[in-house]
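A.B. asks: Okay, handing you the structure first.
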Amino acid sequence: MKPFLIRTPEFKVDSGGIRVMYGLYGWLLAKGQITFVNTAVNMASVGIYPEIYHGNDMFASKVIRWILQKPGMMGMGTPGVNFKAGPTEFPPTDEIYVFSKVYDEWGVDDDHILFLPIINLHLFKDQGRKRDKIAFYVGKGTKGNQHPVEAVELNRELARDQQVLADFLNECEVLYVYDRMSAIMECARLCGCRVVYLGDMLEEQLKLYEPGLNGLGYKKDAELDQKAFVASYKALRSVFSHKLNIFIDHTQK
C-alpha cells in the first residue's frame, strides 16, 4: 500500500480550501488508508497538492494536483509582504483532479472531479429564528454597490466562529456574495438563507457548481427549498465517497 501525502497550509477554520485538504485527510483515514500531512516518506507514495504549491517538495513518486481554485489566483505567504502566487501550469507527469467543474480547464472525466462537501450539518441548519437581516459577504471578491444599503457585512472575523456564523445566517433572509466562490453560499442555504451571487463568474459557469442553484440566484433573488437543499448536499457526500473509492483504486496501482 502506497501512503498518501497531503500538502496543505496550517489549519484555519475560515479557509475553505484548507478545510477541504484536511477533510480529504480524514476521509482517507476513514477508508483505511495510510495518510500523512506535510510529511515525506522513504518509500513509493502518492502526493496530493492543491494548486497553490510549486513542485513536489514531499518527493512523492506520484503527484496529484487537486485544483481547488483558478490556478494562479491563490498562493503562499502574506500579500504585499512575501506572497508567491501558485503556478498556472503543471508538469505533464502530474495527474489533474479538480474540485469543481467550474475550474475544469483540462476537460477531465467525471472520475477526476472530486467535490468534497465540508460543512458541518449539525451546526449549519435552520434554527427557526426570526429573520430580520440582509447581509453581504466580500471574501476574496471585490466589494461593489449591488447590495441593499441596509445590508450588514459578514466579515471574516465573524466567520471564524462557526457557531456565531450559523446563528447570524439564521437571522438573515438574503446574503449577497461578491466572492468568486465560497462555501459560505452553502452555509447560508443550509441555514435557510437565500443567496444572491454578485461575483465575477458568468452565469453559465455558476450553473456548473455542484451544490446547484436551489436558493442561489445570479445577480437576483431566488427561491430556496431548504429541506431539499439539505438532502441534495447530503447526497454530494455519497457521491464523493464513491469517487474517492475510485481515486484510491486508481492511484494505488
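Residue 310 is where the sequence shown starts when you use the working numbering, and the numbers rise one by one after that. Yeah, the Cβ is synthetic: ideal placement off N, Cα and C, and Gly gets one too. The model shown is predicted, which means the values in this text are computed figures rather than measured ones.
With a threshold of 6 Å on Cβ separation, who are the neighbours of D488 within its own chain once the five nearest residues in sequence on each side are excluded?
C.D. replies: The sequence position of residue 488 within the sequence shown is 179, counting from 1. Excluding sequence neighbours, D488 sits near G448, K449, G450, G508.
A.B. asks: Answer with yes or no whether the minimum CB distance from G332 to chain B is below 7 Å.
C.D. replies: Any reference to chain B falls outside this structure, which holds one protein chain only.
A.B. asks: Among Q472, K434, V486, R440, which one has its Cα closest to the Cα of N454?
C.D. replies: To locate residue 454, count along the sequence shown from 1; it is residue 145. The residue with the shortest Cα to Cα distance from N454 is V486.
A.B. asks: Quick one: what's I422 bridged to in DSSP?
C.D. replies: Residue mapping note: residue 422 aligns to position 113 of the sequence shown, counting from 1. According to DSSP, which records beta bridges pairwise, I422 is partnered with V407.
A.B. asks: Taking one C-beta from the region 374-385 and one from the region 335-349 each time, how about it: are there three or more such pairs within less than 8 Å?
C.D. replies: no
A.B. asks: What does the alpha-carbon distance come out to for the pair L525 and I493?
C.D. replies: By one-based count along the sequence shown, residue 525 stands at place 216. By one-based count along the sequence shown, residue 493 stands at place 184. Rounded to whole angstroms, L525 to I493 spans 12 Å at the Cα level.
A.B. asks: Leaving aside the five residues before and after F399 along the sequence, list all residues of the same chain whose C-beta is less than 6 Å from its C-beta, in chain order.
C.D. replies: Sequence index remark: in the sequence shown, residue 399 carries index 90 (1-based). Result list for F399: R374, in chain order.
A.B. asks: DSSP beta-bridge partners for V286?
C.D. replies: Outside the modelled stretch of the chain, which goes from 310 to 562, sits residue 286, for which no answer is possible.
A.B. asks: So A369 and G356 are in contact, right, with Cβ under 8 Å, and what is the actual spacing, rounded?
C.D. replies: Locating residue 369 in the sequence shown gives position 60, where the first residue counts as 1. Locating residue 356 in the sequence shown gives position 47, where the first residue counts as 1. About 3 Å separates the two Cβ atoms, so the contact holds.
A.B. asks: If you compare alpha carbons, which of M490, L511, K379 is closest to E414?
C.D. replies: Sequence index remark: in the sequence shown, residue 414 carries index 105 (1-based). Here the closest residue by C-alpha is K379.
A.B. asks: Might you give, ordered along the chain, the residues of its own chain that have their beta carbon closer than 6 Å to the beta carbon of A444, omitting 5 neighbours on each side?
C.D. replies: Counting from one through the sequence shown, the residue named residue 444 turns up at place 135. Around A444: A460, V461, L463, C481, L484.
A.B. asks: Assuming Y542 and L499 make a contact with CB atoms under 8 Å, what is their CB distance in whole Å?
C.D. replies: As a position in the sequence shown, residue 542 is number 233, starting the count at 1. As a position in the sequence shown, residue 499 is number 190, starting the count at 1. That pair is a contact at about 7 Å.
A.B. asks: Looking at the secondary structure, which residues open and close the alpha helix (DSSP H) in which V473 lies?
C.D. replies: Here residue 473 corresponds to residue number 164 of the sequence shown, with the count starting at 1. That run of the alpha helix (DSSP H) goes 471-478.
A.B. asks: Could you tell me the distance, in whole angstroms, from the CA atom of V417 to the CA atom of I405?
C.D. replies: Taking the sequence shown and counting its residues from 1, the one referred to as residue 417 is at position 108. Taking the sequence shown and counting its residues from 1, the one referred to as residue 405 is at position 96. If you take the alpha carbons of V417 and I405, they lie about 8 Å apart.
A.B. asks: DSSP three-state label for V372, please.
C.D. replies: Taking the first residue of the sequence shown as position 1, residue 372 is located at position 63. Residue state, collapsed to three classes: strand.
A.B. asks: Of the residues I557, L430, K452, A475, which one's Cα is nearest the Cα of V539?
C.D. replies: Here residue 539 refers to the residue found at position 230 of the sequence shown. When each option's Cα is compared against that of V539, the closest is L430.
A.B. asks: Ends of the beta strand (DSSP E) at A506?
C.D. replies: Counting from 1 along the sequence shown, the entry for residue 506 is found at position 197. Here the sequence assigns Tyr to residue 506, which means Ala is not the residue at that position. In the DSSP annotation of this structure, the continuous segment of the beta strand (DSSP E) that includes Y506 starts and ends at 503-506.
A.B. asks: Which one or two residues does DSSP pair with K379 in a beta bridge?
C.D. replies: Residue mapping note: residue 379 aligns to position 70 of the sequence shown, counting from 1. DSSP lists no partner for K379.
A.B. asks: Do you know offhand how far M626's Cα is from P457's?
C.D. replies: The structure shown does not extend to residue 626, since the chain spans only 310 to 562, so no value can be given for it.
A.B. asks: Can you tell me the Cβ-Cβ gap for M330 and T348, rounded? I've got them flagged as a contact below 8 Å.
C.D. replies: Start at 1 with the first residue of the sequence shown, and residue 330 comes out as number 21. Start at 1 with the first residue of the sequence shown, and residue 348 comes out as number 39. That pair is no contact at about 14 Å.
A.B. asks: Below 8 Å CB to CB, which residues in the same chain sit around G332 once its five sequence neighbours on both sides are set aside?
C.D. replies: On the sequence shown, position 23 is the one that residue 332 refers to. Same-chain partners within the cutoff: L425, I427.
A.B. asks: Less than 7 Å between the beta carbons of I422 and V411, yes or no?
C.D. replies: For the purposes of this step, residue 422 is taken as the residue at position 113 of the sequence shown. For the purposes of this step, residue 411 is taken as the residue at position 102 of the sequence shown. Cβ distance not < 7 Å, so I422 and V411 don't count as in contact.
A.B. asks: Out of F313, G364, Y362, E360, which has the shortest C-alpha to C-alpha gap to N351?
C.D. replies: If you number the sequence shown from 1, residue 351 lands on position 42. Closest option to N351, Cα to Cα, is F313.
A.B. asks: Along the chain, where does the beta strand (DSSP E) that runs through T344 open and close?
C.D. replies: Taking the first residue of the sequence shown as position 1, residue 344 is located at position 35. Segment 344-346, the beta strand (DSSP E) holding T344.
A.B. asks: What residues in its chain sit with their C-beta under 7 Å from that of Y334, if we drop five residues either side in the sequence?
C.D. replies: For this step, residue 334 is matched to residue 25 along the sequence shown. If we look at Y334 and ignore the five residues flanking it on each side, its Cβ neighbours are I315, T344, V346.
A.B. asks: As a quick exercise: from D534, C502, E495, pick the residue whose alpha carbon is nearest that of Y518.
C.D. replies: Within the sequence shown, residue 518 is the residue found at index 209, counting from 1. Ranking D534, C502, E495 by Cα distance to Y518 puts E495 first.
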